[in-house]
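In the working numbering, the protein residues as written are 10 to 295. Built from N, CA and C at the ideal position, the CB exists for glycine as well.
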Ligand code: PLP
């Protein structure tokens, strides 16, 4: 059966899901997106994703065409219509399609575009969670408002293509000698004295929803956390390294630029945080 997508008020087969070539998302990347995981047919940490959506659209003065409650209803209906058990819901809102290509916001009554679609992924049983992944390092070529989840992702496209060509699972972006974040993930290390280190939130990184949950879950368990930038040298000397995101949860990193971290296997802290996160995800799913 063909996948069903949501486009501006209608549920339609994927092959009929279309937007205008004048859409500002297409012309200017003038839009915001979100990705929420689905486990056993339920949305994971969705309130956090929808709160970030509201913040992101607010930062670019884009009014959502539907309420947050209605958006969650649509997400859930899409999961049901696609019989999705495990995977994710992608959501994008743009400043809509005007009558031409003007950089400034449309003056008339142009409705924002809202689209959603789902994809299948068994995040919990992913093979990479057992083996860990390698990452490569690349310069961070992005703009300075990375706290906004904008659809302008060219730097990440290039970073992740370089990773794919190198046979790596993610690219860690570097600025001023420090790791900012992964192409589509937040980065963590566990130091030799058992401190979990992840870069503090600022306009230099996207405030990851999974990062936020993992930091809170670790703090609840009295684990030591430092939110600060770290270098690749520190990561290579660490006990463990991992990434977090809605589409991998907590994922061990075992090599950086081909150099092995510790014994080259997912470490006990990473495995523990992954289990804790999956339990939290299941317990709070909607
Ligand atoms: N950082 C970047 C640049 C991302 O694109 C993503 C997710 O796509 C993340 C971090 C992780 O965020 P989340 O945990 O909300 O998926």
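Within the region 131–172, ranges of the alpha helix (DSSP H) (whole runs, at least 4 residues): 136–140
Go ahead and label residue 29 buried or exposed: buried means 16 or more other beta carbons lie within 10 angstroms of its beta carbon, across all protein chains shown. Position 20 of the chain shown, counted from the first residue, corresponds to residue 29. The residue in question, residue 29, is exposed, as its Cβ has fewer than 16 Cβ neighbours within 10 Å.
Does residue 121 come out as helix, strand or coil in the three-state DSSP assignment? For the purposes of this step, residue 121 is taken as residue 112 along the chain shown, with counting starting at 1. Looking at residue 121 - three-state DSSP - the assignment turns out to be coil, as it is neither helix nor strand.
Who are the near neighbours of residue 191 in its chain, counting only those whose CB is closer than 6 angstroms to its CB and skipping five residues on each side? Numbered from 1 along the chain shown, position 182 holds the residue referred to as residue 191. Contacts found: 179, 181 and 252.
Sorry if obvious, but does the Cβ on residue 217 come closer than 7 angstroms to a heavy atom of the ligand PLP? Here residue 217 is taken as the residue at index 208 of the chain shown, counted from 1. Yes; taking the cut-off as 7 angstroms, the Cβ of residue 217 has a heavy atom of the ligand PLP nearer than that.
Those runs of the alpha helix (DSSP H) which lie wholly inside the region 188–239 and span at least 4 residues: Taken in chain order, the unbroken stretches of alpha helix (DSSP H) that lie wholly in the region 188–239 and span 4 residues or more are 218–229.
Hey, would you say residue 146 sits closer than 8 angstroms to residue 241, going by beta carbons? On the chain shown, residue 146 is found 137 positions in, with the first residue counted as 1. On the chain shown, residue 241 is found 232 positions in, with the first residue counted as 1. Closer than 8 angstroms, so yes.
Suppose you measure from the CA of residue 49 to the CA of residue 264; what does that come to, to the nearest Å? Mapped onto the chain shown, residue 49 falls at position 40. Mapped onto the chain shown, residue 264 falls at position 255. Whole-angstrom Cα-Cα distance: 32 angstroms.
DSSP three-state label for residue 287, please. Taking the first residue of the chain shown as 1, we reach residue 287 at position 278. In this structure, residue 287 counts as helix in the three-state DSSP scheme.
Starting from residue 126, follow its DSSP beta bridges and name the residues at the other end. Counting from 1 along the chain shown, the entry for residue 126 is found at position 117. For residue 126, the beta-bridge partners assigned by DSSP are 99.
Spell out whether any CB of chain C is found under 8 angstroms from the CB atom of residue 85. Among the chains of the structure shown, chain C does not appear; only one protein chain is present.
When you compare only the Cα positions, how much space is there between residue 148 and residue 165? Here the question's residue 148 lines up with position 139 in the chain shown. Here the question's residue 165 lines up with position 156 in the chain shown. Approximately 11 angstroms between the Cα atoms of the pair.
On a Cα-Cα basis, can you pick out the residue from 70, 46 and 208 that is closest to residue 95? Indexing the chain shown from 1 puts residue 95 at position 86. Proximity to residue 95 across 70, 46 and 208 peaks at 46, based on C-alpha coordinates.
To the nearest angstrom, report how far apart residue 53 and residue 116 are at their CA atoms. Start at 1 with the first residue of the chain shown, and residue 53 comes out as number 44. Start at 1 with the first residue of the chain shown, and residue 116 comes out as number 107. Looking at the two C-alpha atoms, the distance is approximately 37 angstroms.
7 angstroms Cβ shell around residue 17 - same chain, five flanking residues per side excluded: What you label residue 17 is simply residue 8 of the chain shown in a count that begins at 1. Excluding residues within five positions, the ones whose Cβ falls inside 7 angstroms are 122 and 123.
C-beta atoms of residue 97 and residue 127 nearer than 8 angstroms: By 1-based counting over the chain shown, the position of residue 97 is 88. By 1-based counting over the chain shown, the position of residue 127 is 118. Against a cut-off of 8 angstroms, the Cβ pair of residue 127 and residue 97 comes out as a contact.
When we look at the beta-carbon of residue 189 and count the other beta-carbons within 10 Å, is it buried (16 or more) or exposed? One-based indexing of the chain shown puts residue 189 at position 180. Around the beta carbon of residue 189, 16 or more other beta carbons lie within 10 angstroms, which makes this residue buried.
From 37, 236, 237 and 170, pick the residue whose C-alpha is nearest to that of residue 193; which is it? In the chain shown, residue 193 corresponds to position 184, counting from 1. Checked all of 37, 236, 237 and 170; the closest Cα to residue 193 is 170.
Under 7 angstroms from any heavy atom of the ligand PLP, does the C-beta of residue 153 make it? Taking the chain shown and counting its residues from 1, the one referred to as residue 153 is at position 144. No, Cβ of residue 153 sits at least 7 angstroms from all heavy atoms of the ligand PLP.
Short check: CB of residue 287 to CB of residue 129, under 8 angstroms? If you number the chain shown from 1, residue 287 lands on position 278. If you number the chain shown from 1, residue 129 lands on position 120. Cβ atoms of residue 287 and residue 129: not closer than 8 angstroms.
Rounded C-alpha distance that separates residue 156 from residue 25: Position 147 of the chain shown, counted from the start, is the residue given in the question as residue 156. Position 16 of the chain shown, counted from the start, is the residue given in the question as residue 25. When rounded, the distance between both Cα atoms is 33 angstroms.
Would you identify the three-state DSSP class for residue 252, choosing helix, strand or coil? Mapped onto the chain shown, residue 252 falls at position 243. Three-state DSSP puts residue 252 in a strand.
Go ahead and pull the three-state DSSP assignment for residue 260. As a first step, residue 260 is located in the chain shown; it is residue number 251 there, counting from the start. Strand at residue 260.
With DSSP collapsed to three states, give me the class of residue 24. Locating residue 24 in the chain shown gives position 15, where the first residue counts as 1. Helix at residue 24.
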